[in-house]
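Mapping of the sequence shown onto the UniProt record's numbering: position 46 corresponds to residue 46, and the numbering continues sequentially without gaps.
Heads up, the thing below is written out as structure tokens.
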Amino acid sequence: MKKVSIINEIDEMLNTYCEGCFVKAQLRKDEGKTAAHRFCISECTVGTQLQFLGQELNKMGTGSK
Numbered sequence: 001m002k003k004v005s006i007i008n009e010i011d012e013m014l015n016t017y018c019e020g021c022f023v024k025a026q027l028r029k030d031e032g033k034t035a036a037h038r039f040c041i042s043e044c045t046v047g048t049q050l051q052f053l054g055q056e057l058n059k060m061g062t063g064s065k
């Protein structure tokens, strides 16, 4: 997978699933920004996939696109 395609996939996932997420908005309202962020990172399936894509991006390093 190329860097650009990974970045595009991350962007698409964020726009599709994270923008306007009710769970994130409710957690942020009830428990604060940190709790909502923690949920997204540790419990949300989309967050898990985003972490995987980020790790793949890191493996490529800072070389060419």
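Idealized CB from N, CA, C, for every residue including glycine.
What you are looking at is a predicted structure, and each value in this text was computed from that prediction instead of being measured.
Cutting at 7 Å between CB atoms, please list the residues of its own chain near L50, excluding the five before and the five after it. I10 and M13
If you draw a straight line from the alpha carbon of Y17 to that of C40, how long is it in whole angstroms? Y17 and C40: Cα-Cα distance of roughly 11 Å.
Pick helix, strand or coil for G54, following the three-state DSSP scheme. It is helical.
With H, G and I counted as helix, E and B as strand and the rest as coil, what does DSSP make of C21? coil
Over the uninterrupted alpha helix (DSSP H) stretch that includes C40, give me the two end residues. Counting along the chain, C40 sits inside the alpha helix (DSSP H) bounded by residues K33 to S42.
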